[in-house]
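**Student:** Okay, here's the structure, questions in a sec.
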Amino acid sequence: MNTPTTIPQMIENHRDSLLADWLQEQATIGSQRLLISDAELRQQCLDFLRLLQEATASGGMKDMNSPQWDRVKELLESVATSRAQQGFSPTEVATFVFSLKKPLFGRLRQDIRDVENLGREIWAGTEMIDRLGLYTAEVYQKARDETISRQQAEMLELSTPVVNLWEGILALPLIGTLDSSRTQVVMETLLQKIVDTGSTVAIIDITGVPTVDTLVAQHLLKTVTAARLMGADCIISGIRPQIAQTIVHLGVELGDVATKASLADAFQLALKRAGLEIRRPAASALAGED
Numbered sequence: 001m002n003t004p005t006t007i008p009q010m011i012e013n014h015r016d017s018l019l020a021d022w023l024q025e026q027a028t029i030g031s032q033r034l035l036i037s038d039a040e041l042r043q044q045c046l047d048f049l050r051l052l053q054e055a056t057a058s059g060g061m062k063d064m065n066s067p068q069w070d071r072v073k074e075l076l077e078s079v080a081t082s083r084a085q086q087g088f089s090p091t092e093v094a095t096f097v098f099s100l101k102k103p104l105f106g107r108l109r110q111d112i113r114d115v116e117n118l119g120r121e122i123w124a125g126t127e128m129i130d131r132l133g134l135y136t137a138e139v140y141q142k143a144r145d146e147t148i149s150r151q152q153a154e155m156l157e158l159s160t161p162v163v164n165l166w167e168g169i170l171a172l173p174l175i176g177t178l179d180s181s182r183t184q185v186v187m188e189t190l191l192q193k194i195v196d197t198g199s200t201v202a203i204i205d206i207t208g209v210p211t212v213d214t215l216v217a218q219h220l221l222k223t224v225t226a227a228r229l230m231g232a233d234c235i236i237s238g239i240r241p242q243i244a245q246t247i248v249h250l251g252v253e254l255g256d257v258a259t260k261a262s263l264a265d266a267f268q269l270a271l272k273r274a275g276l277e278i279r280r281p282a283a284s285a286l287a288g289e290d
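Following this line, the structure appears as structure tokens:
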């Protein structure tokens, strides 16, 4: 059973003063910084008070899943998402809702003289604002997680550039840790480039990979196998002495995969496999140019 409350009537009667006090409270706390204009903040607060008044007037202040709260939650979702993109901290976003407590309770104290009724209204208001504040924080965190995931995906794509060294020869320089998710991106990027260019040789350079363990070796072999299925041979370059020792110690079998110590050596082998050769001009030819 929903207990009648004077909060919706109070918001309707004192909306302008509540808005002014709320804006002042946020300015005092300093939660908005310079990331949002005064006009935008004022409009968000005004819309929130209007929708809050409509929702509370319909009753059911404790059930935030009821239909009358949908528009309030939509507004909070919009506010939380936009502020996540603008760079607000979790505290600053939650403060947008929680900072309404002081002006709201101050107005209730002025309007209600009966102590028992005042206590009931303040408790109802506290529960309502706390629920809305927590909901806003949850939406903000979800938006931040989505932003971080998208940025990580973009960084993965940027960190796996496939370079066309020569006609039919590709190079994939890897830098950083090679885990399962990144291996998938590496595979997709390399295979697509093989299809686009019709290359027959791909060099996977691991000079920038700090360590090679069993898992990393398995990821490399998966990439090599996938490339072979697309008709391209793979050469792994950047095998430093410590990495070679680690591979031997772990008993990792690279099979018949060609390996080279440097990208230059791998490129030379790739040219040979492609039926190409780079020769230094003869000394007599150089003298003739002079």
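Our numbering numbers the first residue of the sequence shown as 1 and each following residue consecutively. No residue lacks a Cβ here, since even glycine has one placed at the ideal position from N, Cα and C. This structure is a prediction, so every number in the text was calculated from the model and none was measured.
Assuming residue 194 and residue 170 make a contact with CB atoms under 8 Å, what is their CB distance in whole Å?
**Tutor:** Indeed they touch by this definition, with Cβ atoms about 7 Å apart.
**Student:** Where are the alpha helix (DSSP H) runs, 4 residues long or more, that stay fully inside the region 68-94, in chain order?
**Tutor:** Runs of the alpha helix (DSSP H) inside the region 68-94: 70-86.
**Student:** Could you give the C-beta distance for residue 21 and residue 125, rounded to a whole number, given that I count them as a contact under 8 Å?
**Tutor:** Rounded, the Cβ-Cβ distance is 14 Å, inconsistent with contact.
**Student:** Going by DSSP in three states, residue 185 sits in which element: helix, strand or coil?
**Tutor:** Three-state DSSP puts residue 185 in a helix.
**Student:** CA-CA distance, residue 186 and residue 263?
**Tutor:** Their backbone Cα atoms lie some 18 Å apart in a straight line.
**Student:** Provide the residue(s) that pair with residue 163 in DSSP beta bridges, ordered along the chain.
**Tutor:** Paired residues: 171.
**Student:** Going by DSSP, which residues form a beta bridge with residue 193?
**Tutor:** Partner(s): none; residue 193 has no beta bridge.
**Student:** Tell me whether the beta-carbon of residue 88 lies closer than 7 Å to the beta-carbon of residue 133.
**Tutor:** Cβ atoms of residue 88 and residue 133: not closer than 7 Å.
**Student:** Rounded to whole angstroms, what's the CA-CA distance from residue 251 to residue 78? Just pull it up for me.
**Tutor:** Each residue's Cα considered, the two are about 54 Å apart.
**Student:** So, at 7 Å on beta carbons, what are the nonlocal neighbours of residue 45 in its own chain, with the 5 sequence-adjacent residues on each side left out?
**Tutor:** Within the same chain, residue 45 has close Cβ partners 19, 22 and 23.
**Student:** Can you tell me where the beta strand (DSSP E) with residue 260 in it begins and where it stops?
**Tutor:** Where residue 260 is concerned, the enclosing beta strand (DSSP E) stretches over 258-260.
**Student:** Could you name the residues of the same chain whose beta carbon sits closer than 7 Å to that of residue 224, not counting the 5 residues immediately before and after it, in chain order?
**Tutor:** The residues are 234 and 257.
**Student:** For residue 57, which option in 11, 215 and 29 has the closest C-alpha, if you only look at C-alpha atoms?
**Tutor:** When only C-alpha atoms are compared, the closest one is 11.
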